[in-house]
Amino acid sequence: MTNAMRNEPAPVRFDTKIAVLLRADLAVWQRLNVTAFLVSGVGPELPETIGEPYADADGTPYLPMFRQPVLIFEGTKETLTTAHGRALSRGLARSVFTADLFATGNDRDNRAAVRAVPADRLDLVGLAVYGPRNAVDKAFKGARMHP
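For the sequence shown, our numbering assigns the number 11 to the initial residue and increments by one for each residue that follows.
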């Protein structure tokens, strides 16, 4: 029996995708930290990715969140480098986290650490991208879903 036959709404399918690629050799705390930093840039730059604010039954307000799932992948250093190049060539919105950022303690120093290295030599440990679903899939080809 289909959703239509049960009078249920069809599943929402998005034309776009938010995806994060993490280097597989990161410690658990690093994976979580890198993911949080990477996706924090998506919403402010791309307001169409943000849904409406939440509220519970008591009317307590909560911040809005992404309107669609964030898919998390993992791969080798080489997979990240390849994905970064593909994301650049496809013009996808992106954020990066390099190994150097584990040694900095603030936003100013983070930006300086990235700015000091040419794009093709960044020591990437994480990459987030947003864009058309097919373009994101092609950029992350070879990566595997995070376990």
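Just so you know, even glycine gets a beta-carbon here, dropped at the ideal spot from N, CA and C. Here the structure is a predicted model, which is why all the values come from computation and not from measurement.
Distance from the CA of Ala-103 to the CA of Pro-54, rounded to the nearest whole angstrom, comes to 12 angstroms.
Linking Arg-33 to Asn-17 through their CA atoms gives a straight-line distance of about 43 angstroms. In the DSSP assignment, Ala-103 is bridged to Tyr-140. Beta bridge pairing from DSSP links Thr-26 with Pro-142.
Judged by DSSP in its simplified three-state form, Gly-95 adopts helix. Beta-bridge partners of Ala-65 (DSSP): Pro-71.
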